[in-house]
Structures are given as C-alpha cells and as structure tokens.
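Asks: Dropping a structure here in structure tokens format, bear with me for questions.
Residue numbers (my numbering): 5 to 238.
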C-alpha cells in the first residue's frame, strides 16, 4: 500500500513541526508550507491525501484558500484554528472543509480525526472511479488519469467530462450539458459550455486544436471518444 501523504498549511512553524512529527510517527509522508501561494504550488506537486489547514494564514484567509483548492483536489481538509466562533466553523465547513479542530489542540485527537478521514477516503476510492480505454476518472480526487499523467479539473470541467464519460461514444447535446452543470436557473447561456469545453481540451488533449478525445458534432454537441480515435470531421 502506498504511503499516505499529509500536507500541512500553517504560518506558525512550531505548529507545522508538531503536526509533522505526529504524522510521521504514524507512518505518513508529510510536507508543509507557511503561506497560501507556496501551498497552492505544493498542492500540485505533492498531491496530498489529506490537508491540515490553518484558518488564519499570514495575509490570507485559509477558508478562501480552501475554496480555491477545491478546484484542484477533493482531499479531506481538516481546519486548525484559534477561532471558536460558530460562524467561522460554519464557513470553514460550508466552503470545502471536512473537519475543524480548535487550538490549542490535542495531537492525539487531531491524529484520530486524520486517520478517520483517510479510512473513509480509502474505503470509497475504488468505488468512485470510472475507467475507459486510456482514461480514468477519479470522482474522489476530481481528476482524470491519462496513462501515467494525472490532471486535476475544476468542478464544472469534471462534471462535463463525467457526464460525457458516462455516455462515451455517444453524442451529448449542448443543451443537456448546460442543464446538467448550470441548471435551469442559471444566468449563463449555452455558449459557456463551449468555453469550458475549450479549457477542458487544453488539459486533456495532446493537441487541443485537433482534439481526439472530445470531438465536436456540428450543430448538436460533443462526443467523448473512448478507444481508438475516430474521424474528427463530423
């Protein structure tokens, strides 16, 4: 079994060292960052299984960082904070957090929470994947695996790709995609589907200008090609 990875984001070096020491004693691989910008870069390179995140980072709101991170990962996020107000806890849990631990904290309690979330993740991971030839969707990590390459998608990009994957090699209309992702009450119009589809192609196509995975069916919508490339001149 691969070693699970814990990412720690806290502007207090002492807190980072404490959490790191306890995590590594339990056999986890760790890495930490003291500010949001560095942490976002680390998120992409380290690919953590769980994130321990301070609510108040230096010059940045940890809840805002969490909301941004949710475009790239679905790893559990356990907040650490000296703030005990209910409204802060509610915001943290409403905008992407999975748990909330107040400072000063018991390292033992924090580790118990971390293990519980990782068990939940491990239990559900295999059941939350959709495999197609050359392409695997990971519903937990909100990512797509293209051979050995892993690409993280925004929520809307993943929703579009997921729906097309469930209807692979079949034409999906623009209207169907729009209603699924944006809903009846959206103020957007269906042209926004093309914008997101273009961004999606830039992430998963070898040549976005000549796509082989997501092809356009003129006047109708799109098709996700699973298997051998098809004629793209439809």
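Don't be surprised by glycine CBs; every beta carbon is placed ideally from N, CA and C.
Between which two residues does the alpha helix (DSSP H) holding residue 179 run?
Replies: Along the chain shown, read from residue 1 onward, the residue named residue 179 stands at position 175. That run of the alpha helix (DSSP H) goes 178–185.
Asks: Can you list the alpha helix (DSSP H) stretches of 4 or more residues lying completely in the stretch 36–92, in chain order?
Replies: Considered as a whole, the stretch 36–92 harbours 40–50, 66–73 as its complete alpha helix (DSSP H) runs of no fewer than 4 residues, in chain order.
Asks: So, does the stretch 79–91 touch the stretch 50–66, judging by three or more C-beta pairs under 8 angstroms?
Replies: yes
Asks: Cα-Cα, which of 45, 116, 91, 125 is closest to residue 59?
Replies: In the chain shown, residue 59 corresponds to position 55, counting from 1. If we check each option's Cα against that of residue 59, 91 comes out closest.
Asks: Residue 224 to residue 174, Cα distance in whole Å?
Replies: Residue mapping note: residue 224 aligns to position 220 of the chain shown, counting from 1. Residue mapping note: residue 174 aligns to position 170 of the chain shown, counting from 1. Residue 224 and residue 174: Cα-Cα distance of roughly 11 angstroms.
Asks: Name the two residues that bound the continuous alpha helix (DSSP H) containing residue 134.
Replies: Start at 1 with the first residue of the chain shown, and residue 134 comes out as number 130. That residue, residue 134, is in no alpha helix (DSSP H); its beta strand (DSSP E) goes 133–136.
Asks: For my contact list, residue 141 and residue 169 are in at a C-beta cut-off of 8 angstroms; report their separation, rounded to the angstrom.
Replies: Numbered from its first residue, the chain shown carries residue 141 at position 137. Numbered from its first residue, the chain shown carries residue 169 at position 165. Contact holds; Cβ gap of about 6 angstroms.
Asks: For residue 166, which residues in the same chain have their Cβ closer than 8 angstroms to its Cβ, ignoring the five residues on either side in sequence?
Replies: Reading the chain shown from its first residue, position 162 is the one you call residue 166. Residues 134, 141, 143 of the same chain have their beta carbon placed closer than 8 angstroms to that of residue 166, with the five preceding and five following residues left out of the count.
Asks: Tell me whether residue 225 sits in a helix, a strand or coil according to DSSP, three-state version.
Replies: Taking the first residue of the chain shown as 1, we reach residue 225 at position 221. Residue 225 carries a strand assignment under DSSP once its states are collapsed to helix, strand and coil.
Asks: Between the alpha carbons of residue 77 and residue 8, how many angstroms are there, rounded?
Replies: Within the chain shown, residue 77 is the residue found at index 73, counting from 1. Within the chain shown, residue 8 is the residue found at index 4, counting from 1. The alpha-carbon separation between residue 77 and residue 8 amounts to approximately 15 angstroms.
Asks: Counting beta carbon pairs with one atom in the stretch 145–158 and one in the stretch 101–112, are three or more of them shorter than 8 angstroms?
Replies: no
Asks: Taking residue 41 as the reference, give the member of 61, 17, 34 with the closest Cα.
Replies: As a working note, residue 41 is residue 37 in the chain shown. Residue 61 is the option with its Cα nearest to residue 41.
Asks: Can you pull the DSSP bridge partners for residue 220?
Replies: Locating residue 220 in the chain shown gives position 216, counting from the first residue. Partner residues in the beta bridge of residue 220, as assigned by DSSP, are 226.
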